[in-house]
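Participant:
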Amino acid sequence: GAVVSQHPSWVICKSGTSVKIECRSLDFQATTMFWYRQFPKQSLMLMATSNEGSKATYEQGVEKDKFLINHASLTLSTLTVTSAHPEDSSFYICSAREGAGTFALSQYFGPGTRLLVL
Amino acid sequence: GENVEQHPSTLSVQEGDSAVIKCTYSDSASNYFPWYKQELGKRPQLIIDIRSNVGEKKDQRIAVTLNKTAKHFSLHITETQPEDSAVYFCAASTSGGSYIPTFGRGTSLIVHP
Numbered sequence: 009g010a011v012v013s014q015h016p017s018w019v020i021c022k023s024g025t026s027v028k029i030e031c032r033s034l035d036f037q038a039t040t041m042f043w044y045r046q047f048p049k050q051s052l053m054l055m056a057t058s059n060e061g062s063k064a065t066y067e068q069g070v071e072k073d074k075f076l077i078n079h080a081s082l083t084l085s086t087l088t089v090t091s092a093h094p095e096d097s098s099f100y101i102c103s104a105r106e107g108a109g110t111f112a113l114s115q116y117f118g119p120g121t122r123l124l125v126l
Numbered sequence: 061g062e063n064v065e066q067h068p069s070t071l072s073v074q075e076g077d078s079a080v081i082k083c084t085y086s087d088s089a090s091n092y093f094p095w096y097k098q099e100l101g102k103r104p105q106l107i108i109d110i111r112s113n114v115g116e117k118k119d120q121r122i123a124v125t126l127n128k129t130a131k132h133f134s135l136h137i138t139e140t141q142p143e144d145s146a147v148y149f150c151a152a153s154t155s156g157g158s159y160i161p162t163f164g165r166g167t168s169l170i171v172h173p
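Chains as they are written, first to last, in this note's numbering: chain W, 9 to 126; chain Y, 61 to 173.
1. Touching or not, the segment 38 to 46 of chain W and the segment 85 to 99 of chain W, by the rule of three or more beta carbon pairs under 8 Å?
2. Am I right that C21 (chain W) and V27 (chain W) are in contact with their C-beta atoms under 8 Å? What's the rounded C-beta distance?
3. Does R174 (chain Y) have its Cβ less than 9 Å from a Cβ in chain W?
4. Under a Cβ-count criterion, where at least 16 other Cβ atoms within 10 Å of its own Cβ denotes burial, should W95 (chain Y) be classed as buried or exposed?
5. Exposed or buried, what is S155 (chain Y) when buried is set at 16 or more other beta-carbons lying within 10 Å of its beta-carbon?
6. Output yes if chain W places a C-beta closer than 9 Å to the C-beta of Q105 (chain Y); else output no.
7. Helix, strand or coil: how does DSSP classify D109 (chain Y) here?
8. According to DSSP, simplified to helix, strand and coil, what is S91 (chain W)?
9. Give me the Cα-Cα distance between L100 (chain Y) and P119 (chain W), rounded to the nearest whole angstrom.
10. Quick one: is V89 (chain W) buried, meaning 16 or more other Cβ sit within 10 Å of its Cβ, or exposed?
11. Considering only residues of the same chain and omitting the five flanking positions on each side of T121 (chain W), which have a CB-CB separation below 8 Å?
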């Protein structure tokens, strides 16, 4: 149980294009989803937290107009990198959590999406 | 906000030895501490977690200890095996912060056969 899928697994695009990444919880309802960015040999950098039906909460320094997050249902969240540039190239990982209170605190991660902007 | 320090950044052990990874946190209100294992090119996976109302938790070869007074927690792996080789991340979170975890920088564990 607790499987999170992410699509696509990798994408190469030209500078200036937009890329959409999907994150789905396959066997549970995710009240909260998280989007992370991970650079090689570095830790997970939280970009934003989204709750179903609400606007995402972005971390300091993350441009909300650059990284559009939508959490339209309890099983799907999307991250759109708008007008991507080479510096946006990175490994993007989503995670999903079933609960919001003191129960079901575990996060389950997707397999990640490797983005390369040329 | 919360700050989590993790040491060492790299740990090399022989198969069968024990490995210990230590983390400290700054927010005394933190009360949930998960540990994740990330193998090369794969997703992080939760391997064990502990809440602030207990001092130790064990699951087969893996154990986590928590010292709330000193604000540090540790991951202990006994009888290490080559497949334990991975990057391990600790994290801390608090109910006041909606349990959004702050991650440590990770420890690359290498187990030599």
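C-beta atoms are modelled at their ideal positions from N, C-alpha and C, and glycine is treated no differently.
Facilitator: This is what the structure holds:
1. yes
2. Working through the first sequence from its first residue, we reach residue 21 (chain W) at position 13. Working through the first sequence from its first residue, we reach residue 27 (chain W) at position 19. Yes, they are in contact, since the Cβ atoms of C21 (chain W) and V27 (chain W) sit about 5 Å apart, within 8 Å.
3. Since the first residue shown for chain Y is 61 and the last is 173, residue 174 (chain Y) is missing from the structure and cannot be characterised.
4. On the second sequence, residue 95 (chain Y) is found 35 positions in, with the first residue counted as 1. W95 (chain Y) should be labelled buried.
5. As a position in the second sequence, residue 155 (chain Y) is number 95, starting the count at 1. With fewer than 16 Cβ atoms within 10 Å of its Cβ, S155 (chain Y) is classed as exposed.
6. As a first step, residue 105 (chain Y) is located in the second sequence; it is residue number 45 there, counting from the start. So yes, Q105 (chain Y) belongs to the interface.
7. Locating residue 109 (chain Y) in the second sequence gives position 49, counting from the first residue. Correct three-state label for D109 (chain Y): strand.
8. The sequence position of residue 91 (chain W) within the first sequence is 83, counting from 1. Here S91 (chain W) sits in coil by DSSP.
9. In the second sequence, residue 100 (chain Y) corresponds to position 40, counting from 1. In the first sequence, residue 119 (chain W) corresponds to position 111, counting from 1. Between L100 (chain Y) and P119 (chain W), the C-alpha separation is close to 11 Å.
10. Your numbering for residue 89 (chain W) matches position 81 in the first sequence. Per the 10 Å Cβ criterion, buried.
11. Taking the first sequence and counting its residues from 1, the one referred to as residue 121 (chain W) is at position 113. Correct list, in chain order: Q14, H15, P16, S17, W18, V19, I29, F99, Y100 and I101.
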